[in-house]
Amino acid sequence: MNIILKATAITLLLFATITLNAQVTKQEKQILKELYKATNGDKWIHKWDFSKKVATWHGVIVENNHVVEIDLHHNGLEGTIPSSLGDLSRLRVLNLAFNKLTGPIPISLVQLHYLEKLKLEMNSLSGLLPSSFKKARNLRELTLFNNGLEGVIPEGIGEASQLRILNLSSNYFKGELPKAIEDLSELESLELFGNTLSGTIVADLGRLRNLKELVLSYNRFEGNLPESTASLSQLKLVQLQGNNFGSIRALLNLRAESLAIFDSDDSFLNIKFGSDMPSQTRMANTKFEDVED
């Protein structure tokens, strides 16, 4: 056993040594410097020391001589996100949440083939969502809540076929929920709280077989909730209150054994699913959290 533990320790030490000694190209280093400059790096909480290797910089992970992760959440970033980040071809994680970033989301970010996680929540970003996500085939998490984003949610969102988490809450999105949402078959969490989305939901929500969290509260949805929603047996959290739904009685047939929270404007369904009065919304509970998996 001691031999195994010793071998494991040596392996971990070797990996750490390789990681810290990893080099990146001049181009990738320059891109990081552009990010530092564009976001007022001299006022960051954890600054970068350009005299040291990139792999030692706060929040940066390097593998095989490429930057694969940038995690600068809660780090005092101010300014705009440079589009050159889209040239970090091996980037898998970009977390710039809980800062003071402004301006648009660069289209180049959703053109990163290897990107798995894009977290930009709790900033002051503005503008539109990119219209196409066809190159974001590995994107699993897109969290943009509490920004100033506007316009419609594009049909192109359905091209991000591996999405597990989509949180666009507390922005200014308007128009109908795109039908292409139904193409996100891996989706586990759909959170759209507090926008001005409207119209009848035509997407077949029943196709989201893995969905555990459905948060549509405080929008302007009308018509009847799709009947197929009742087939979502994995649901744990449902919040539909604050809309203009004609009926959500399709959920009378909901058989979700793990359902823990159910909020709606239908008092009968609230009682049926164990809630006779609306609880705090999902966004009210998680507004200031930043929990990493």
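Numbered per mature numbering (1 follows the signal peptide of the UniProt record, and there is no 0), the sequence shown spans residues -22 to -1, 1 to 271.
Note that beta-carbon positions come from the ideal geometry of N, C-alpha and C, so glycine has one too.
Small disclaimer: the values here were computed from a predicted structure and weren't measured.
(message) Buried or exposed for I83, going by 16 or more other Cβ atoms inside 10 Å?
(response) buried
Quiz item: Does the separation of the CB atoms of L87 and L79 fall below 9 angstroms?
Solution: No, the pair does not count as a contact, with Cβ atoms beyond the cut-off.
* To do: Kindly identify the DSSP beta-bridge partner or partners of K152.
  => In the DSSP assignment, K152 forms a beta bridge with V130, T174.
Next on the checklist: For F240, report the span of its beta strand (DSSP E) as first-last.
Outcome noted: 239 to 241
Can you tell me which of N124, Q140, S139 puts its alpha carbon nearest to the alpha carbon of N149?
N124
Our contact map puts S195 next to Q217 with C-beta atoms below 8 angstroms; I'd like the distance itself, whole angstroms only. 4 angstroms
### Message
For a test of the three-state rule: what should DSSP assign to V216, helix, strand or coil?
### Response
strand
- prompt: Considering only residues of the segment 63 to 151, which uninterrupted beta strand (DSSP E) runs meet the minimum length of 3 residues and lie entirely inside it, listed in chain order?
  reply: 71 to 73, 78 to 81, 95 to 97, 102 to 105, 119 to 121, 126 to 130, 143 to 145
Check: Any chance the segment 24 to 36 sits against the segment 57 to 70, with 3 or more Cβ pairs inside 8 angstroms?
Finding: no
Practice problem: Could you check what DSSP says for A262 in three-state terms: helix, strand or coil? | Solution: The pLDDT assigned to A262 is 43, lower than 50, so where the model puts this residue is not dependable; a value taken from the coordinates is nonetheless given after this. DSSP places A262 within a helical segment (H, G or I) once states are collapsed to three.
With DSSP as the reference, please indicate the residues paired to F199 in a beta bridge. Answer by DSSP bridge pairing, in chain order: G177.
Item checked: N188 vs S147 beta-carbon contact at 9 angstroms -> no
- Item | Residues near D49 by beta carbon distance below 7 angstroms, same chain, minus five either side | G37, V71, N73
Alpha-carbon spacing of I226 relative to P204, whole angstroms:
8 angstroms
8 angstroms CB neighbourhood of L52 in its chain, flanking five on each side removed: Looking at the sequence provided, one finds His at residue 52 rather than Leu. Contacts found: I23, A75, F76, N77, D268.
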